[in-house]
Structure formats: C-alpha cells, structure tokens
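Letter 72 of the sequence shown, counting from 1, is numbered 58 in our numbering, and no numbers are missing.
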Amino acid sequence: MYKCGIGGSSGIVIDADMSPEQQLLRDSTARFIDDVCPMSTLREFAEEAVKLPAGYLAKAAELGWFAMLAPDEYGGGAVSGDGLVDAALLSEIRGSRVQPGPFVPMNSVAYALSRSGSERHRADILPAIVGGEHISVWALSEPEAVLAGRGGVTAQPANNGYRLNGVKSFVQDADIAQSFLLDVVVDGWPRQVLLDASADGVTVHPRRSLDVSMRMGRLEIHGAHVSDDDFVGTAESAVPDINAQLDVAAVLCVAETVGAMNRLFEITVQYAGDRVAFGRPIGSFQAVKHQLADMSLQLELSRASAAAAATAASAAIGGGSRNEASMIVSAAKAFVGDASNQISQGCFQVFGGIGFTWEHDLHLYMRRASVNEVLYGTPTWHRERIVTLGEASGCAGSEGRE
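Put into structure tokens, the structure is as follows:
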C-alpha cells in the first residue's frame, strides 16, 4: 500500500522517499519543462507574445502526464501503481515552474471517462487524451450550483437528442480544447455530457485571467445538439461522479499550489540571506526571522494537508469511504487556499519594492496561487462542504462508500 509522505523541498512523495521510477518521472518532467517552457518562454506566453509551445502537450503525454488516472487497457498507467499520487507529484512540479496548459482539466476528464464514460468515450476519446492527441477540458460551473441542479447550461429534448443552451463563464484553456466535459441541467437534475468543441452553436471568447500564465475562456452554447451517447454516466451517478471528480481536481490543484508556494518560499529565503541592509543580511533581523518562520510553518502544514488529501482520495478511488475522503480533500483545499495567500503576502513583504515589479518572478507564483484558490471551489465552499458531508456521514453511517 503506497502512502504519501513529505520529503524536504520535493513536495508530495511516497513513503518519505520516492521510488526510482518516481524519481525518474520527476527528473524527466523537470528537464522537459526547463527545455521546452522555461521561465523566459513562460513570460512570453504570459505577455501573449507566443502560444503554448509547439508540441508541448504531445511531448508531455509521452512522459505520462495524462495517463495516471486512466486504465491500462486504454493506454493509461502509473509508475507507482497509485495514479493520483503520481499525478499530484507532477502537479507539484508544474506549480514550482508555474506551467501553462490544461493539466488538471484534462486529467479530470480522463478520470471521468474512465469512471463513467460510454464505450465510445473509452475506446475513442480516452486513449487520445492519454496520448495528448485530444484536448478535453472540464468546463465546471460553480460547485454549489452544479450539485443543486442549477448549472449554467440546460438541456432540452429535441430531434432524438438534446439541445444545449447556456454559458460557462470561466473555462481553462477553452481556446485550444477539442471537447468539453459539461455539467448540464436536465429536468432540474445535473447530468454530464461530452460536447464537441466544433459543434454548431459552440463559441469560445477569450478572457483575461489574474494568472497570466493560464488561459481562460467564456464558453457560450446556443442550440448545440447532443445525443444520448454523448452523456457521461447516468442521472443517478451524476452527483457522485461530480463529487469524485471534484476530489481529484482539488487534490491536483492543491499540489500545484504547494509546489508554487514551496518555490516562492525558497527564493524568498535565498533573498533574505543575500540582501544586505545596515551591514547585515536582512534574514538576520528578528522581524524577518519570525516572518520566515511563520511562513515555513504554513508551508509545512500545507504539504501535510496535500499529502493527506492525495492519500485519502486515492483510497476512495480504490473503494474506500468517499465521504471521508471528500472531507479530507476539502479541508486541504480550504487550508492551502488560505495559507497560500498568507505565504504570498509574506514573501512580498520580505522582498520589498522589487517584489512588486513585473520583471520579478514573484508575482507569477502569487497569481497562480490566487487563481487556484477559487478553482474547483473556494475555501468557504469547501468548509461548507465539510459540514454537509459530516452531517451526511452521521446520518448514513457506512453508506458513504462507493
């Protein structure tokens, strides 16, 4: 049984030490990012001077970026046997280098199709996602709206299928997506459907994001037609499916934030040791020492939360208690969301004026953490989710198992 642990600055690892296969995956991923999308290229992307590097997703797929949560028979597989933990490891590396691209949305779709996709989805779409040949992103409404059957897109019966109408305001990498996993409202109940991005009535409008290394788009749907075969899962499975997908997305999002905050803290500590004022490194002053110590504690707690969330969600995928896992994941999402803000602001204060300039990399990490804080549920929503799940567990006993 693989378990998450914490290993120095490496973030989320297994049993406190990565296996040789995981170390190879981590090193190969780091080299790939440094070669294909280093900070200089990322800045050009952020300034909209260039698009996503040519072949970026295809080359990433060769490293297994989108295979971790898919079954072996569809081209998937994980190096440790625990796909979510391996994916979290990759997400942490991406966060430490504030990488662009739809890593979390594509893995969420891969998991959704593996869990509840039709035979056509699994045979045709899933292998293409794993291979980086098909870009499919999760176009999620606000979680509280989705689970209450109030998503932004409605489906009405028409022509041996359904007509979709509505809007998804913020969809990551919508401009390059070839399909969207949508939550839609059918007769007042949530369902999920995989919509072809080239279908009639589908329009994407680019939107500016606080995270300049992340592309966002507004998805407008006017009369797009889908068939019964396009639906993912059933009416009965929709809510459990969406909750399970939320857990996966939140784990990867939290891991990415921890990676970003870990790197930001590292460069801040380095700066505090290098920057001299009044004849001494500023890190030797008591006020700065205390601030760094407080941030270090927040970072270590965030790492532990991320590790616990990955372990719990992975156990739920294997048949463990979904309610218990969801509560742990939500606790991590809420805590890390708040802690990342405190760490970002603390690092800004240590750097002083230079930290507020466009030329310094500090703001890129802060932007990623700030956007991740609200993606897949805000800290406030996740705290409310914990209460709701706790009440459900108290009433249902062991019925929270999948």
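Ideal placement from N, C-alpha and C gives every residue a C-beta, glycine not left out. All values reported here derive from a predicted model rather than from experimental measurement.
Worksheet item: Given ARG249, which residues of its chain have a CB within under 6 Å of its CB, disregarding the five upstream and five downstream residues?
Response: Here the set comprises SER82.
Worksheet entry | Status (buried if at least 16 other CB within 10 Å, exposed otherwise) for ALA279 | Burial call: exposed.
Fill in: Range covered by the beta strand (DSSP E) that runs through LYS45
Segment 42 to 48 is the alpha helix (DSSP H) holding LYS45; no beta strand (DSSP E) there.
Worksheet item: Is the region 96 to 108 touching the region 245 to 264 in the sense that three or more CB pairs, one from each, lie closer than 8 Å?
Response: The region 245 to 264 is not in contact with the region 96 to 108.
Worksheet item: Can you find at least 3 beta carbon pairs, one from the region 285 to 296 and one from the region 312 to 331, that sit closer than 8 Å?
Response: Touching, per the Cβ criterion.
Practice prompt. Identify every run of the beta strand (DSSP E) within the region 122 to 174, keeping only runs that are complete inside it and at least 3 residues long; order them along the chain.
Written response: For the region 122 to 174, whole beta strand (DSSP E) runs of length 3 or above, ordered along the chain, are 122 to 125, 139 to 144, 147 to 158 and 165 to 172.
Worksheet entry | Reference LEU49, options LYS275, GLY306, VAL65 and ALA40, closest by Cα | Comparing Cα positions, the closest option is VAL65.
Practice prompt. Please check the pair PRO129 and TRP367, which I expect to be a contact at CB under 8 Å, by giving their CB distance rounded to whole angstroms.
Written response: That belief holds up - the Cβ atoms of PRO129 and TRP367 are roughly 6 Å apart, short of 8 Å.
Item to complete: Under 7 Å Cβ to Cβ from ASP347, same chain only, skipping five residues before and after it: list those, please.
Response: Answer for ASP347: MET25, listed in chain order.
Fill in: ALA182 - DSSP class collapsed to helix/strand/coil
This sequence places Asp at residue 182; Ala is not what is there. If DSSP states are grouped into helix, strand and coil, ASP182 belongs with the strands.
Practice prompt. Could you tell me whether the Cβ atoms of ARG194 and ARG204 are closer together than 8 Å?
Written response: No, the pair does not count as a contact, with Cβ atoms beyond the cut-off.
Discussion item. Helix, strand or coil, according to DSSP, for ARG308 in the structure here?
Written reply: Three-state DSSP puts ARG308 in a helix.
Worksheet item: Per the contact definition of three or more C-beta pairs closer than 8 Å, is the region 353 to 363 in contact with the region 235 to 255?
Response: Touching, yes.
Worksheet item: What do you reckon, is the C-beta of GLN277 under 7 Å from a heavy atom of the ligand GTP?
Response: Judged by which ligands are present, the structure shown has none, so any question about the ligand GTP falls away.
Worksheet item: Would you say VAL212 and LEU181 are within 8 Å of each other, going by their C-beta atoms?
Response: The answer is yes: Cβ separation under 8 Å.
Fill in: Length-filtered (4 minimum) alpha helix (DSSP H) runs lying within the region 346 to 370
The region 346 to 370 contains these whole alpha helix (DSSP H) runs: 348 to 360.
Item to complete: Name, in chain order, the residues that DSSP records as bridge partners for HIS120.
Response: In the DSSP output, where bridge partners are listed per residue, HIS120 has none listed.
Worksheet item: Is the region 81 to 95 touching the region 120 to 129, taking contact as three or more C-beta pairs under 8 Å?
Response: Judged by Cβ distances under 8 Å, the region 81 to 95 makes contact with the region 120 to 129, as three or more pairs qualify.
Discussion item. If I measure Cβ to Cβ from GLU388 and keep anything under 6 Å in the same chain, skipping five residues before and after, which residues do I get?
Written reply: Its pLDDT being 49, under 50, GLU388 is placed unreliably by the model, and the measurement read from it follows with that caveat. Taken in chain order, the residues that qualify are ARG308.
Discussion item. As a quick exercise: from SER155, GLY332, GLY62 and ASP197, pick the residue whose alpha carbon is nearest that of GLU33.
Written reply: GLU33 has its Cα closest to that of ASP197, out of SER155, GLY332, GLY62 and ASP197.
Discussion item. Using only the alpha-carbon positions, how far apart do ASN145 and ALA183 sit?
Written reply: Straight-line Cα distance between these residues: approximately 20 Å.
Worksheet entry | Inter-residue spacing [alpha-carbon to alpha-carbon] between GLY69 and LEU287 | GLY69 and LEU287: Cα-Cα distance of roughly 23 Å.
Worksheet item: Taking the alpha carbon of ARG353 as the point to measure from, which residue in ILE228, MET247, GLN231 and CYS23 has its own alpha carbon closest?
Response: For ARG353, the closest alpha carbon among the candidates ILE228, MET247, GLN231 and CYS23 is that of MET247.
Worksheet item: What separation, rounded to the nearest whole angstrom, lies between the Cα atoms of VAL255 and GLY269?
Response: VAL255 and GLY269: Cα-Cα distance of roughly 8 Å.
Practice prompt. Could you name the residues of the same chain whose beta carbon sits closer than 7 Å to that of ALA16, not counting the 5 residues immediately before and after it, in chain order?
Written response: Counting only Cβ-Cβ distances below 7 Å, and skipping sequence neighbours, we find ILE79.
Discussion item. Classify PHE342: buried if its beta carbon has 16 or more other beta carbons within 10 angstroms, exposed otherwise.
Written reply: PHE342 should be labelled exposed.
Fill in: Coarse secondary structure for PHE217, derived from DSSP in three states
In the structure shown, PHE217 sits in a strand (DSSP, three-state: E or B).
Discussion item. Considering only their Cβ atoms, is the gap separating GLY187 from ALA210 smaller than 8 Å?
Written reply: Result yes, Cβ atoms of ALA210 and GLY187 sit closer than 8 Å.
Fill in: ARG261 (DSSP reduced to helix, strand or coil)
Three-state DSSP puts ARG261 in coil, outside helix and strand.
Worksheet item: Leaving out five residues before and five after GLU7 in sequence, what residues of the same chain have Cβ atoms less than 7 Å from its Cβ?
Response: Same-chain partners within the cutoff: VAL65 and SER66.
Worksheet item: Span of the alpha helix (DSSP H) holding GLU7?
Response: Looking at the DSSP string, the run of the alpha helix (DSSP H) that includes GLU7 is 6 to 22.
Worksheet entry | Extent of the continuous alpha helix (DSSP H) to which MET25 belongs | Looking at the DSSP string, the run of the alpha helix (DSSP H) that includes MET25 is 25 to 32.
Item to complete: If I'm right that VAL71 touches SER300 with Cβ under 8 Å, what's the distance once you round it to whole angstroms?
Response: That belief holds up - the Cβ atoms of VAL71 and SER300 are roughly 6 Å apart, short of 8 Å.
Fill in: Burial state of PRO143, where buried means 16 or more other Cβ atoms lie within 10 Å
Under a 10 Å Cβ-count criterion, PRO143 is classified as exposed, with fewer than 16 other Cβ atoms of the shown protein chains found around its own Cβ.
Item to complete: Let me know if ILE340 comes out buried or exposed under the rule of 16 or more other beta-carbons within 10 Å of its beta-carbon.
Response: Exposed.
Discussion item. My assumption, with CB atoms under 8 Å, is that SER316 sits in contact with ILE253. Please give the rounded CB distance.
Written reply: Rounded to whole angstroms, the Cβ separation of SER316 and ILE253 is 30 Å, and the two are not in contact under 8 Å.
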